[in-house]
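Notes for the one structure printed next.
Protein chains: 2
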Amino acid sequence: MCLTMVETVPPTPAGDSGPTREHLLEAAGTVFAEVGFRAATVRAICQQAGANVAAVNYHFGDKEALYAAVLKESCRVALEKFPPDAGLPPEAPAENRLRAFVQAFLQRIFSGGPSARHGQLMAREMIEPTAALDGIVREEIRPMSVRLSEIIRALLGPSANEETVRRCSMSVVSQILFYHHCRPVVNRLFPEVTFTPEEIDRLADHITRFSLAALHHFSAENDTERRDNPNFASQGDHD
Amino acid sequence: MCLTMVETVPPTPAGDSGPTREHLLEAAGTVFAEVGFRAATVRAICQQAGANVAAVNYHFGDKEALYAAVLKESCRVALEKFPPDAGLPPEAPAENRLRAFVQAFLQRIFSGGPSARHGQLMAREMIEPTAALDGIVREEIRPMSVRLSEIIRALLGPSANEETVRRCSMSVVSQILFYHHCRPVVNRLFPEVTFTPEEIDRLADHITRFSLAALHHFSAENDTERRDNPNFASQGDHD
DNA sequence: TGACAATTCAAACAAATGTTTTAAATATGT
DNA sequence: ACATATTTAAAACATTTGTTTGAATTGTCA
Numbered sequence: 012m013c014l015t016m017v018e019t020v021p022p023t024p025a026g027d028s029g030p031t032r033e034h035l036l037e038a039a040g041t042v043f044a045e046v047g048f049r050a051a052t053v054r055a056i057c058q059q060a061g062a063n064v065a066a067v068n069y070h071f072g073d074k075e076a077l078y079a080a081v082l083k084e085s086c087r088v089a090l091e092k093f094p095p096d097a098g099l100p101p102e103a104p105a106e107n108r109l110r111a112f113v114q115a116f117l118q119r120i121f122s123g124g125p126s127a128r129h130g131q132l133m134a135r136e137m138i139e140p141t142a143a144l145d146g147i148v149r150e151e152i153r154p155m156s157v158r159l160s161e162i163i164r165a166l167l168g169p170s171a172n173e174e175t176v177r178r179c180s181m182s183v184v185s186q187i188l189f190y191h192h193c194r195p196v197v198n199r200l201f202p203e204v205t206f207t208p209e210e211i212d213r214l215a216d217h218i219t220r221f222s223l224a225a226l227h228h229f230s231a232e233n234d235t236e237r238r239d240n241p242n243f244a245s246q247g248d249h250d
Numbered sequence: 012m013c014l015t016m017v018e019t020v021p022p023t024p025a026g027d028s029g030p031t032r033e034h035l036l037e038a039a040g041t042v043f044a045e046v047g048f049r050a051a052t053v054r055a056i057c058q059q060a061g062a063n064v065a066a067v068n069y070h071f072g073d074k075e076a077l078y079a080a081v082l083k084e085s086c087r088v089a090l091e092k093f094p095p096d097a098g099l100p101p102e103a104p105a106e107n108r109l110r111a112f113v114q115a116f117l118q119r120i121f122s123g124g125p126s127a128r129h130g131q132l133m134a135r136e137m138i139e140p141t142a143a144l145d146g147i148v149r150e151e152i153r154p155m156s157v158r159l160s161e162i163i164r165a166l167l168g169p170s171a172n173e174e175t176v177r178r179c180s181m182s183v184v185s186q187i188l189f190y191h192h193c194r195p196v197v198n199r200l201f202p203e204v205t206f207t208p209e210e211i212d213r214l215a216d217h218i219t220r221f222s223l224a225a226l227h228h229f230s231a232e233n234d235t236e237r238r239d240n241p242n243f244a245s246q247g248d249h250d
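Read top to bottom, the protein sequences are chains A and B. In terms of our numbering, the first sequence opens at residue 12 and continues consecutively. In terms of our numbering, the second sequence opens at residue 12 and continues consecutively.
Here is the structure:
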């Protein structure tokens with residue numbers, strides 16, 4: 012069926028080939044994030060981009076390729092704007108690195124703009140994974156996961172086994188993602204909850220404190236010699 | 012346009028009107044949970060139910076009403092099979108009630124059958140809320156939320172303010188939902204993680220211990236008199 | 001300017017899908 | 001058994017949607 016296909020893919024593979032291509036990427040990012048891949052229509056995307064219906068197929072080949080391009084680009088932008096280490100060196104205290112990790116993650120998800128759109132797209136990928144998810148996990152999520160694991164391992168102490176590190180990592184990430192993934196329910200349950208920058212800061216505080224408390228407890232549980240050390244119960248002046 | 016419409020809705024409002032209606036509900040539950048409301052086709056549902064294409068409209072009016080019926084029914088079944096208190100009386104120690112809450116929630120989500128389907132449907136509702144979400148929040152989620160809040164409040168002590176209770180409640184629920192909501196990523200990151208009943212138990216253990224450690228810390232932070240009470244640090248023989 | 005490639009555009013195509021219609025089949029009550 | 005209501009079935013309808021087509025337009029370089 013592709014005998015008559017000469018070259019529908021754009022001759023210029025990537026970059027800023029033209030304004031239409033970028034408008035398309037921008038509009039597609041918005042529409043995909045708003046209604047998801049399936050519900051998004053190329054007509055809606057093209058209209059928002061001020062382009063013709065055939066523009067998607069001309070510049071990207073088909074709708075799915077456009078989606079992959081959007082996902083890749085939004086991922087790049089989000090990580091560039093809010094790097095996971097938030098500028099902290101690896102030698103910084105693990106408590107601070109955890110705080111920075113949590114805050115950067117929350118900002119990446121909740122601050123408006125293309126970074127937030129990436130969060131929306133990823134949330135949809137969780138529910139309905141596309142072929143693009145494998146690449147995202149490999150290039151974005153796994154590096155982030157090992158980075159967090161290192162922080163957690165430093166906090167748990169050397170005697171913590173890998174399973175505990177993994178479980179605790181997930182306990183931390185879960186708290187970050189919850190407000191985003193369950194936003195429709197959170198909004199209905201607690202309409203007073205907002206996501207202003209200040210509120211994001213307070214949220215990062217809570218998640219960090221909640222997690223550090225648990226991690227310090229786990230750490231003390233492993234190294235029995237430290238069990239009655241009162242230092243591990245007080246936490247809050249670590250910055 | 013509805014002048015010629017006489018009575019497309021079923022004369023028997025609910026209950027076990029006929030085998031076809033139930034087959035439809037069953038098949039629709041499976042298909043909706045698998046591919047979501049939008050991607051599910053009434054043709055696929057009817058085929059799986061062994062019914063004619065027109066059966067959906069005859070018995071439920073339209074596709075959306077069928078979806079609402081599925082959501083309502085799956086919610087009923089899930090809560091009936093795994094009640095949030097897991098048979099524990101309200102006078103039981105808060106630690107035990109928390110453990111029961113976590114375990115029942117995890118089982119509701121991960122054990123197969125109609126109960127798990129409800130979890131799938133709810134996950135999709137989070138990402139793409141339908142009109143049915145308001146009812147679910149009112150009748151299912153909010154009661155569950157106040158129940159958890161009571162447990163958390165008991166653990167935090169009387170001096171904890173509402174905001175802390177709310178935040179800690181979310182920290183607990185988030186850990187429960189994470190493995191479910193982010194399953195595609197978890198599977199790719201840690202293929203060794205399974206969700207057998209035993210693993211679910213261990214997961215419930217971790218979440219409960221992690222949360223109790225943090226909550227006891229918060230509690231001690233508020234009531235400074237309890238700070239050095241060693242009871243709040245040891246927890247692990249609660250069954 | 002003129003030829004050639006790249007891009008845009010309007011129209012149409014083909015497939016999928018929710019819904020309706022009309023008739024046949026089945027059950028129900030007398 | 002007959003009449004009536006209920007349910008099922010096949011076909012068609014109307015709309016949406018991703019994609020293609022071929023002409024028109026624009027840009028580029030000699």
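Just so you know, even glycine gets a beta-carbon here, dropped at the ideal spot from N, CA and C. Here the structure is a predicted model, which means the values were calculated and not measured.
| Asked | Found |
| --- | --- |
| Output, in chain order, the set of chain B residues within a Cβ distance shorter than 9 Å of glutamate 106 of chain A. | Chain B residues near glutamate 106 of chain A: none, gap ~14 Å exceeds 9 Å. |
| Serine 122 of chain B by DSSP, collapsed to three states: which one? | coil |
| Quick check on this structure: which residue in B:Ala50, B:Glu84, B:Asp73, B:Asp96 has the alpha carbon closest to the alpha carbon of glutamine 118 of chain B? | B:Asp96 |
| Take the Cβ of serine 126 of chain B as the centre, count every other Cβ of all protein chains shown within 10 Å, and call the residue buried at 16 or more, exposed below. | buried |
| Just to confirm my understanding: we take leucine 166 of chain B, look at its own chain, exclude 5 residues before and 5 after, and list those with CB closer than 6 Å. What are they? | Ala105, Leu226 |
| Kindly say whether glutamate 236 of chain A, judged by its beta-carbon, lies nearer than 9 Å to any beta-carbon of chain B. | Below a pLDDT of 50, predicted positions are generally treated as unreliable, and glutamate 236 of chain A, at 44, falls in that range; the measurement from the model is reported next regardless. Chain B contact via Cβ: absent. |
| Between the region 144-156 of chain A and the region 59-74 of chain A, do at least 3 Cβ pairs fall closer than 8 Å? | no |
| Return the CA-CA distance between glutamate 236 of chain A and alanine 224 of chain A, expressed in angstroms with no decimal places. | Residue confidence for glutamate 236 of chain A is low, a pLDDT of 44 falling below 50, so the modelled location carries little weight; the figure read from the coordinates is stated next. In a straight line, the C-alpha of glutamate 236 of chain A is about 18 Å away from that of alanine 224 of chain A. |
| If the criterion is Cβ atoms closer than 9 Å, does the pair valine 176 of chain B and isoleucine 187 of chain B meet it? | no |
| Please name the residue in A:Leu99, A:Met133, A:Pro94 whose C-alpha comes closest to that of alanine 115 of chain A. | A:Pro94 |
| Just reading off the alpha helix (DSSP H) that proline 140 of chain B is part of, what are its end residues? | Here proline 140 of chain B belongs to no alpha helix (DSSP H), and DSSP marks it neither H nor E. |
| So with Cβ pairs under 9 Å, would you call arginine 199 of chain B a contact of chain A? | yes |
| Taking the alpha helix (DSSP H) that leucine 36 of chain A belongs to, which residues open and close that run? | 30-50 |
| Give a yes or no on whether the minimum CB-CB distance between alanine 224 of chain A and chain B is below 9 Å. | yes |
| Measure from the alpha carbon of alanine 44 of chain B to the alpha carbon of each residue in B:Ile120, B:Tyr69, B:Leu214, then state which is nearest. | B:Ile120 |
| Pull up the CB-CB distance for isoleucine 56 of chain A and alanine 38 of chain A, whole angstroms please, since I reckon it's below 8 Å. | 5 Å |
| Measure how close the beta-carbons of valine 184 of chain B and phenylalanine 189 of chain A come, nearest whole angstrom, since I'm counting them as under 8 Å. | 7 Å |
| Please return the same chain residues whose Cβ sits closer than 6 Å to the Cβ of alanine 51 of chain A, not counting the five positions on each side in sequence. | Val42, Phe43 |
| Report the rounded CA-to-CA distance for threonine 219 of chain B versus glycine 47 of chain B, giving the unit in angstroms. | 31 Å |
| Distance, Cα to Cα, isoleucine 138 of chain A vs asparagine 198 of chain B? | 13 Å |
| Name the chain B residues that come within less than 8 Å of alanine 188 of chain A, Cβ to Cβ? | It is leucine, not alanine, that sits at residue 188 of chain A in the sequence shown. Those are Ser185, Phe189, His192, Cys193, listed as they occur along chain B. |
| Note down, in chain order, all residues in the region 127-143 of chain A with a beta-carbon under 8 Å from any beta-carbon belonging to chain B. | Ala134, Arg135, Glu136, Met137, Ile138, Glu139, Pro140 |
| By Cβ distance, which residues of its chain are closer than 8 Å to glutamate 210 of chain B, with the 5 residues on each side in sequence left out? | Val204 |
| Report back the beta-carbon spacing between leucine 159 of chain A and serine 180 of chain A to the nearest angstrom; my notes put them in contact at under 8 Å. | 5 Å |
| From the beta carbon of serine 156 of chain B, is the nearest beta carbon of chain A less than 9 Å away? | yes |
| Using only CA atoms, which one of A:Ser222, A:Tyr69, A:Ser182, A:Val88 lies nearest to glycine 123 of chain A? | A:Val88 |
| Of all the CB atoms in chain A, is at least one closer than 9 Å to the CB of serine 182 of chain B? | yes |
| Within 10 angstroms of the Cβ of alanine 111 of chain A, are there 16 or more other Cβ atoms? Answer buried if so, exposed if not. | buried |
| If we ignore side chains and look at the alpha-carbon of each, how far apart do arginine 11 of chain A and cysteine 86 of chain A end up? | Lying outside 12 to 250, the shown extent of chain A, residue 11 of chain A is not represented and no answer is given. |
| Taking Cβ positions only, does arginine 110 of chain A come closer than 9 Å to chain B? | no |
| Distance, Cα to Cα, tyrosine 78 of chain A vs tyrosine 69 of chain B? | 38 Å |
| Counting only beta-carbon separations shorter than 9 Å, does aspartate 145 of chain A have a partner in chain B? | yes |
| Just to check my reading of the structure: leucine 35 of chain B and leucine 82 of chain B have Cβ atoms closer than 8 Å, yes? What is that Cβ distance to the nearest angstrom? | Wrong, their Cβ atoms sit about 14 Å apart, outside the cutoff. |
| Do you know offhand how far glutamate 173 of chain B's Cα is from aspartate 73 of chain B's? | 43 Å |
| How would you list, in chain order, the residues of chain B whose beta-carbon sits under 7 Å from the beta-carbon of arginine 49 of chain A? | Arg49, Ala50 |
| Could you give the DSSP three-state label for threonine 175 of chain A: helix, strand or coil? | helix |
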